[in-house]
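**Student:** Please read through the structure below; I'll follow up with questions.
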Amino acid sequence: MAAEIQRPIIANFSPSMWGDQFLKLNSEAQVEEKEKYSKIVEVLKKEVRRMITARETKMVDTMNLIDTVERLGVSYHFQNEIEDKLQQFFDLNTDYSDRAYDLYTVALHFRLFRQHGYRISCDIFGRWKDGNGKFEEGLKSDAKGLLSLYEASYLRTRGETILDDALVFATDSLKSIAPLLEAPLGKQVVHALVQSLHFGIPRIEARNFISIYEECEERNESLLRFAKLDYNLVQMLHKEELREVCRWWKELDLITKLPYARDRVVECFFWSMGGYHEPQYSRARVMLAKSIAMASLVDDTYDAYGTIEELHVFTQAIDSWNIGEIERLPGYMKPLYKALLELYEQFEQELAKEGRSYATCHTIETVKLVRSYNVESKWIIQGYLPHFEEYLKNALNTTGGCYLAMTSWLGMEAAMKEDFEWLSKKPKILVASDIISRLVDDVASYEVEKNRGQVTTGIDCYMNDNGVKKEEAMDKFIEMSINAWKDVNEEMLIRASARSCEVHMRILNFTRMIEVVYKGNQDGYTKPEKVLKPHIIALFVDPVQI
1 MAAEIQRPII ANFSPSMWGD QFLKLNSEAQ VEEKEKYSKI VEVLKKEVRR
51 MITARETKMV DTMNLIDTVE RLGVSYHFQN EIEDKLQQFF DLNTDYSDRA
101 YDLYTVALHF RLFRQHGYRI SCDIFGRWKD GNGKFEEGLK SDAKGLLSLY
151 EASYLRTRGE TILDDALVFA TDSLKSIAPL LEAPLGKQVV HALVQSLHFG
201 IPRIEARNFI SIYEECEERN ESLLRFAKLD YNLVQMLHKE ELREVCRWWK
251 ELDLITKLPY ARDRVVECFF WSMGGYHEPQ YSRARVMLAK SIAMASLVDD
301 TYDAYGTIEE LHVFTQAIDS WNIGEIERLP GYMKPLYKAL LELYEQFEQE
351 LAKEGRSYAT CHTIETVKLV RSYNVESKWI IQGYLPHFEE YLKNALNTTG
401 GCYLAMTSWL GMEAAMKEDF EWLSKKPKIL VASDIISRLV DDVASYEVEK
451 NRGQVTTGID CYMNDNGVKK EEAMDKFIEM SINAWKDVNE EMLIRASARS
501 CEVHMRILNF TRMIEVVYKG NQDGYTKPEK VLKPHIIALF VDPVQI
């Protein structure tokens, strides 16, 4: 009689909370609504474009308009016009020490320039420091200025201590005055203290800002209507994409064959949308969502089910990337391996027609990060506790940052062969993003992993190496992730670089996803009921009320 296979403690993940909800789309009703909205949007778009490009408008007013357009989520319509204006304004070398510019304006301009890759100095905030090097007490009553300073300080790079101080000062001041503020500014402050703009997912932040802008007395009705209609139009596209992904997932039927794994295809699409929500990335979004769903199954096979022997064979099979290897695999792994290879074969066939086969080749290489999954699984199963440096070196691969970025470029025509080659060399922005992903994830998932009896966690490795308690280790992880964010910000200042901002932006957005999905030290992907469910309903279920 064969010995019973000893498996890791099964994770018992909760089932999908969505069922077939996103397969039931009324296409006919949506087509009619789409046609009606699209005609109005085209008219309003011309009006907003005229507002942005108007020559007689002052710089301060145009910058405020650009910020509003971006925060409402419609700036993708006017990218060239916005870039032209920002270049024009940056070349003015404005003297921000002029008292005509208040804190709100200076911080807003600083943030907008940095968001678009311009190297504007943080020294412009020096005029609000007193003789003791502290921010002036009088600023504590300037809620609008404080909020602007708060949001700007998140774009800091290493060594910019004035922005480190600004964030602490603005955060403490806003917390103390938030209960006293009336809507809509009060709502904006409360939201910002929970989720800063720079760390947020643009699509989620747009939905929130539409509701805030609606309450502003100085709102522009045409712009507001344009933003609402455009949001609903894009949501219709997202619903169609999500239905396609869910149908593919249901037909694949891997969850019934792999009951130990997380059924999170809707959350995978949400993750994909976080990388890019704009209509022009529709194909890329669908390809990425399918890829993330497959990667999630592979991840769970290593984390929550496979034995050392099974995972060794599985790793070799993925490394060889040859369907002939399937006969060596245990029965439950065969459909997963077959589906994985077939998905990338479909990508290859599609991209070959465009002369972009290199994209699939590079991406398949990143799937082979399972070598690092295999190392981690051995450690966990054997109860081995490596030194933190050894742990981190391996764990930065298991974040899947390189895989995510490259896979997100599959359907993007703007991503060239040299972009894939550049990423494969692990540039600074990717390493920084991986550090954030790894450390934020480790802090959020620590208690769950301990409850499963896991001894090999990043927190444990750090505690063991440094003789510190859990709380100190977690504080250190947060500190390290903050410094990594400064590196990401530095790498986004790329106007002088030939590297496409469109390519960099995917890495930035996936880093933001980590901050959102693991908000409040919770693993929102594994347990989406509290963290992700409200976002998914707002993004893919409920339209904005016109």
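Residue numbers for the sequence shown follow the numbering used here, so the first one is 1 and each next one is one higher. Ideal Cβ positions, reconstructed from N, Cα and C, are used throughout, including at glycine.
What is the DSSP secondary structure of residue 129, counted as helix, strand or coil?
**Tutor:** On the sequence shown, position 129 is the one that residue 129 refers to. Strand at residue 129.
**Student:** Would residue 72 and residue 210 be called neighbours here (beta carbons separated by less than 8 Å)?
**Tutor:** Position 72 of the sequence shown holds residue 72. Position 210 of the sequence shown holds residue 210. The answer is yes: Cβ separation under 8 Å.
**Student:** Could you check which residue in 386, 118 and 378 has the C-alpha nearest to that of residue 155?
**Tutor:** Against the sequence shown, residue 155 aligns to sequence position 155. Of the listed residues, the one whose Cα sits closest to residue 155 is 118.
**Student:** So what does DSSP say about residue 135, is it helix, strand or coil?
**Tutor:** By 1-based counting over the sequence shown, the position of residue 135 is 135. Residue 135 falls in the strand class under three-state DSSP.
**Student:** So is residue 519 buried or exposed if we call it buried at 16+ other beta carbons inside 10 Å?
**Tutor:** By 1-based counting over the sequence shown, the position of residue 519 is 519. Residue 519 comes out buried.
**Student:** Output the distance between the C-alpha atoms of residue 208 and residue 269, rounded to the nearest integer angstrom.
**Tutor:** Looking up residue 208 in the sequence shown gives position 208. Looking up residue 269 in the sequence shown gives position 269. Roughly 20 Å separates the two Cα atoms.
**Student:** Once you ignore the five residues that flank residue 16 on each side, which residues in its own chain have a CB closer than 6 Å to its CB?
**Tutor:** Here residue 16 refers to the residue found at position 16 when the sequence shown is read from its first residue. Closer than 6 Å at Cβ, skipping near neighbours: 263.
**Student:** Secondary structure at residue 185, three-state DSSP: helix, strand or coil?
**Tutor:** Residue numbering aside, residue 185 sits at position 185 when the sequence shown is read from its first letter. It is helical.
**Student:** Report the option in 401, 406, 474 and 411 whose CA atom is closest to the CA atom of residue 513.
**Tutor:** Against the sequence shown, residue 513 aligns to sequence position 513. With distances taken between Cα atoms, residue 513 lies closest to 401.
**Student:** Can residue 411 and residue 283 be called in contact, C-beta distance under 8 Å?
**Tutor:** Residue 411 sits at position 411 when you count from the first residue of the sequence shown. Residue 283 sits at position 283 when you count from the first residue of the sequence shown. The answer is yes: Cβ separation under 8 Å.
**Student:** Among residues of its own chain, excluding the 5 on either side of residue 496, which ones have a beta-carbon nearer than 7 Å to its beta-carbon?
**Tutor:** In the sequence shown, counting from the first residue as 1, residue 496 sits at position 496. Confidence at residue 496 is low in this model, with a pLDDT of 49, below 50, so the placement of that residue should be treated as unreliable; the coordinate-derived value is given next. So the list is empty, once near-sequence residues are dropped.
**Student:** Using the C-alpha atoms, what's the distance from residue 90 back to residue 225?
**Tutor:** One-based indexing of the sequence shown puts residue 225 at position 225. One-based indexing of the sequence shown puts residue 90 at position 90. Rounded to the nearest angstrom, the two C-alpha atoms are 30 Å apart.
**Student:** In whole angstroms, what is the alpha-carbon distance linking residue 353 and residue 346?
**Tutor:** Looking up residue 353 in the sequence shown gives position 353. Looking up residue 346 in the sequence shown gives position 346. Computed Cα separation, rounded: 12 Å.
**Student:** Sorted by chain position, which residues of the same chain lie with C-beta nearer than 7 Å to residue 579's C-beta, five sequence neighbours on each side aside?
**Tutor:** Outside the displayed span of the chain (1 to 546) sits residue 579, for which this structure offers no information.
**Student:** From this set, 526, 481 and 534, which residue's C-alpha is nearest residue 199's C-alpha?
**Tutor:** As a first step, residue 199 must be located in the sequence shown, where it is residue number 199. Selected option, being the one with the closest Cα: 481.
**Student:** On a Cα-Cα basis, can you pick out the residue from 265, 328 and 125 that is closest to residue 101?
**Tutor:** Numbered from 1 along the sequence shown, position 101 holds the residue referred to as residue 101. When each option's Cα is compared against that of residue 101, the closest is 125.
**Student:** Could you tell me which of 317, 366 and 386 sits nearest to residue 337, measuring between CA atoms?
**Tutor:** If you number the sequence shown from 1, residue 337 lands on position 337. Of the listed residues, the one whose Cα sits closest to residue 337 is 317.
**Student:** Please work out which residues of its chain come closer than 8 Å, Cβ to Cβ, to residue 248, disregarding the five sequence neighbours upstream and downstream, and give them in chain order.
**Tutor:** As a first step, residue 248 is located in the sequence shown; it is residue number 248 there, counting from the start. Taken in chain order, the residues that qualify are 290.
**Student:** Can you tell me whether residue 256 is buried or exposed, with buried defined as 16 or more other CB within 10 angstroms of its CB?
**Tutor:** Taking the first residue of the sequence shown as 1, we reach residue 256 at position 256. Residue 256 should be labelled exposed.
**Student:** Roughly how many whole angstroms lie between the Cα atoms of residue 68 and residue 174?
**Tutor:** Against the sequence shown, residue 68 aligns to sequence position 68. Against the sequence shown, residue 174 aligns to sequence position 174. Taking the straight line from one Cα to the other gives about 21 Å.
**Student:** By the three-class DSSP mapping on this structure, what secondary structure does residue 346 have?
**Tutor:** Position 346 of the sequence shown, counting from 1, holds the residue named residue 346. In the structure shown, residue 346 sits in a helix (DSSP, three-state: H, G or I).
**Student:** Any idea what DSSP makes of residue 119, helix, strand or coil?
**Tutor:** Working through the sequence shown from its first residue, we reach residue 119 at position 119. Reduced to three states, the DSSP call for residue 119 is coil.
**Student:** Three-state secondary structure (DSSP) at residue 170?
**Tutor:** Locating residue 170 in the sequence shown gives position 170, counting from the first residue. Helix, per DSSP.
**Student:** Of all the options 185, 429 and 202, which has the alpha carbon lying nearest to the alpha carbon of residue 274?
**Tutor:** Counting from 1 along the sequence shown, the entry for residue 274 is found at position 274. Of the candidates 185, 429 and 202, the one whose C-alpha sits nearest the C-alpha of residue 274 is 202.
**Student:** Taking the alpha carbon of residue 433 as the point to measure from, which residue in 295, 449 and 397 has its own alpha carbon closest?
**Tutor:** Reading the sequence shown from its first residue, position 433 is the one you call residue 433. For residue 433, the nearest C-alpha among the options comes from 397.
**Student:** How far does the alpha helix (DSSP H) with residue 551 in it extend, from its first residue to its last?
**Tutor:** Residue 551 lies beyond the stretch modelled for the chain, which goes from 1 to 546, so this question has no answer here.
**Student:** Going by Cα to Cα distance, which pick from 92, 375, 427 and 33 is closest to residue 299?
**Tutor:** Within the sequence shown, residue 299 is the residue found at index 299, counting from 1. Residue 299 has its Cα closest to that of 375, out of 92, 375, 427 and 33.
**Student:** How many Å lie between residue 169 and residue 135 at the Cα?
**Tutor:** Reading the sequence shown from its first residue, position 169 is the one you call residue 169. Reading the sequence shown from its first residue, position 135 is the one you call residue 135. So the two alpha carbons sit approximately 7 Å from each other.
**Student:** Between which residues of its own chain and residue 474 is the CB-CB distance below 6 Å, once the five residues before and five after are set aside?
**Tutor:** The count along the sequence shown starts at 1 and reaches residue 474 at position 474. Excluding sequence neighbours, residue 474 sits near 443.
**Student:** Have a look at residue 179 and residue 356 and give me their C-alpha separation to the nearest angstrom.
**Tutor:** As a working note, residue 179 is residue 179 in the sequence shown. As a working note, residue 356 is residue 356 in the sequence shown. One C-alpha to the other measures close to 55 Å.
**Student:** Assuming residue 284 is part of the alpha helix (DSSP H), what are its boundary residues?
**Tutor:** Looking up residue 284 in the sequence shown gives position 284. Here the alpha helix (DSSP H) through residue 284 covers 282-304.
**Student:** Compare the Cα-Cα distances from residue 494 to each of 271, 48, 120 and 58 and report the closest residue.
**Tutor:** For the purposes of this step, residue 494 is taken as residue 494 along the sequence shown, with counting starting at 1. It is 120 whose Cα lies nearest to the Cα of residue 494.
**Student:** Less than 6 Å between C-beta atoms, sequence neighbours within five positions excluded: which residues of the same chain meet that for residue 2?
**Tutor:** On the sequence shown, residue 2 is found 2 positions in, with the first residue counted as 1. Per-residue confidence for residue 2 stands at a pLDDT of 44, beneath the threshold of 50, marking its modelled position as unreliable; the derived number appears in the next sentence. Once the five neighbours on either side are set aside, residue 2 has no close Cβ partner at all.
**Student:** Taking Cβ to Cβ, would you say residue 403 is nearer than 8 Å to residue 369?
**Tutor:** As a working note, residue 403 is residue 403 in the sequence shown. As a working note, residue 369 is residue 369 in the sequence shown. Yes, the Cβ-Cβ distance between residue 403 and residue 369 is below 8 Å.
**Student:** Should residue 409 and residue 503 be called a contact, given that it needs their Cβ atoms to be closer than 8 Å?
**Tutor:** Stepping through the sequence shown from its first residue, residue 409 is reached at position 409. Stepping through the sequence shown from its first residue, residue 503 is reached at position 503. Yes, Cβ-Cβ distance for residue 409 and residue 503 is below 8 Å.
**Student:** Find out if the Cβ-Cβ distance for the pair residue 428, residue 491 is shorter than 8 Å.
**Tutor:** Looking up residue 428 in the sequence shown gives position 428. Looking up residue 491 in the sequence shown gives position 491. Yes; because the gap between Cβ atoms is below 8 Å, this pair is in contact.
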